[in-house]
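Engineer:
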Amino acid sequence: MKNKIVFFASLLFFGATICSASSFNTQTQMSSATQISFDGQLKVLSLNTWHEGTSVNGGFDAIVDVILQSEANIVLLSEIRNYKGVIFTQHILEALKVKGMVFYSSVLESDAVVLSKFPIESTSLVNSTSITKCMIRLNKKTSIAIYSAHLDYTHYACYLPRGYDGVDWKKLPQPILDTEKILKQNIDSQRDEEIAPFVNDALAESQKGNLVLLGGDFNEPSHLDWTAATKDLFDHNGTIVPWHNSLTLRNNGFLDAYRLKYPDPVKNPGFTWPAYNTDVELSKLLWAKDADERDRIDFIYFYPNKKLSLKDTVIVGPIGSIVRGKGMEIQDQDKFLKPNGIWPSDHKGVLATFSIAD
């Protein structure tokens, strides 16, 4: 979630296919013999990798394992750093290939990447290094614009009503419950500037008849979760907050896959942060140790299209969360895909399954 750094990586082809916007024709020709047929089901996994899994012993291999376990054919990963000159996308495509899975990806100046079982026609940045766009043709009739996002982590304003500052993470003398002050700190982040060009670009793609999907770590909750029903839960302390980006997306017609499937934020809170990861020391997971900081900040959105139907959405990762500095499992009605082994992240992921008609 925290500590966002961007690296530039040059374009490489090695083993599995990696492409950029400039390699459109080359990759199309290369992939003609390896194109897998689309069976009408799209499974999209979104996961913050916690610095490529480097914060957990065996974390990189665990990312590979969860991709395989999810059976996703589109994977959206964030917090990509290309540490020590190693291109992460190249590394993970090779690791997946060893396991018998061929994926395609891209290298751009972004810490949010797309892995696809279908060849990528083009890749670009959406006026920001925080959102990567890939165009993918699923079959002769259907193309999809996939956007992978890792939005600004600063000014994490949902900490204010919980008694912590969202800028320096320090404990406050008392919670800040004035909605205007909460929204002021929130809008001081770059998240609104990052999501606005996405909306324009995605609506243009929809107008062309293309499907549109967005996923990633938004570092901001949803207005659908901070409601009258939850105002006295999860240390919201009576606040009802119309969080900017979720409202922007809703007002422009985008649908939140998890909240569409599970509309009740009390029965199905869908928390993705912070994950109670028993594979690391608890101290590495604490930011607001005296608060209930659980929130849903990782999302998959889609734009309505008569071809596209949402079938299922699940949380991917350990069931446990952290509440007031302690890891615990609190039973709710959320549906989980629990990892078979090590969990690589301090976030939980989201897995959405769609059906696409011809």
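Here the sequence shown is numbered in the numbering used here, starting from 4 and rising by one per residue. For each residue, glycine too, the CB sits at the ideal point set by N, CA and C. Note that this is a predicted model, so its numbers are computed, not measured.
1) Based on the DSSP secondary-structure assignment, which residues constitute the bridge partners of residue 327?
2) Please say whether residue 345 and residue 267 have beta carbons closer to each other than 7 Å?
3) Taking 7 Å as the limit between beta carbons, can you name the residues of its chain near residue 131, skipping five residues before and five after?
4) Could you pull the start and end residues of the beta strand (DSSP E) that residue 355 belongs to?
5) I need the straight-line Cα distance from residue 99 to residue 313, nearest angstrom please.
6) Quick check: residue 370 and residue 169, are their CB atoms within less than 7 Å of each other?
7) Within its chain, find whatever has a CB closer than 7 Å to the CB of residue 45; leave out the 5 residues flanking it on each side and keep chain order.
8) Please determine, among 121, 67, 83, the residue with the shortest C-alpha to C-alpha distance to residue 51.
9) So does the segment 140–148 actually touch the segment 206–218, counting three or more Cβ pairs closer than 8 Å?
10) Using a 10 Å radius around the Cβ and a threshold of 16 neighbouring Cβ atoms, would you call residue 232 buried or exposed?
11) Extract the residue ranges of the beta strand (DSSP E) inside the segment 91–164, only unbroken runs of 3 or more that lie entirely within it.
12) Please classify residue 163 as buried or exposed, where buried requires at least 16 other C-beta atoms within 10 Å of its C-beta.
13) Below 8 Å on the Cβ atoms is my guess for residue 49 versus residue 287; work out the distance and round it to an integer in Å.
14) Should residue 93 be labelled buried (16 or more other beta-carbon atoms within 10 Å of its own) or exposed?
15) Check whether the segment 298–312 and the segment 331–340 touch, using three or more Cβ-Cβ pairs below 8 Å as the test.
16) Assuming the contact rule is C-beta atoms closer than 8 Å, residue 124 and residue 134 should be a hit. Round their C-beta distance to whole Å, please.
17) From the DSSP output, in three-state form, read off residue 218 for me.
Structural biologist: The answer reads as follows:
1) Paired residue(s): none; residue 327 is not in a bridge.
2) Cβ distance not < 7 Å, so residue 267 and residue 345 don't count as in contact.
3) Closer than 7 Å at the Cβ level, and outside the excluded window around residue 131, lie 197, 200.
4) 352–359 is the span of the beta strand (DSSP E), which, as asked, contains residue 355.
5) Between residue 99 and residue 313, the C-alpha separation is close to 27 Å.
6) No answer is possible for residue 370: it lies beyond the span of the chain, which begins at 4 and ends at 361.
7) The residues 76, 77, 357, 359, in chain order, have a CB closer than 7 Å to that of residue 45 in the same chain once the five nearest residues on each side in sequence are set aside.
8) Of the candidates 121, 67, 83, the one whose C-alpha sits nearest the C-alpha of residue 51 is 83.
9) With a cut-off of 8 Å, the segment 206–218 and the segment 140–148 count as touching, because enough Cβ pairs lie within range.
10) The residue is exposed, with fewer than 16 neighbouring Cβ atoms inside 10 Å.
11) Segments of the beta strand (DSSP E) lying fully in the segment 91–164: 115–119, 123–128, 134–140, 146–153.
12) Counting the other CB atoms within 10 Å of its CB gives residue 163 a total of 16 or more, which places it among the buried residues.
13) At roughly 22 Å, the Cβ-Cβ gap does not stay under 8 Å, so residue 49 and residue 287 are not in contact.
14) Residue environment for residue 93: buried (at least 16 other C-beta atoms within 10 angstroms of its C-beta).
15) No, they do not touch.
16) Contact between residue 124 and residue 134 is absent: CB atoms are separated by about 18 Å, not below the 8 Å threshold.
17) If DSSP states are grouped into helix, strand and coil, residue 218 belongs with the strands.
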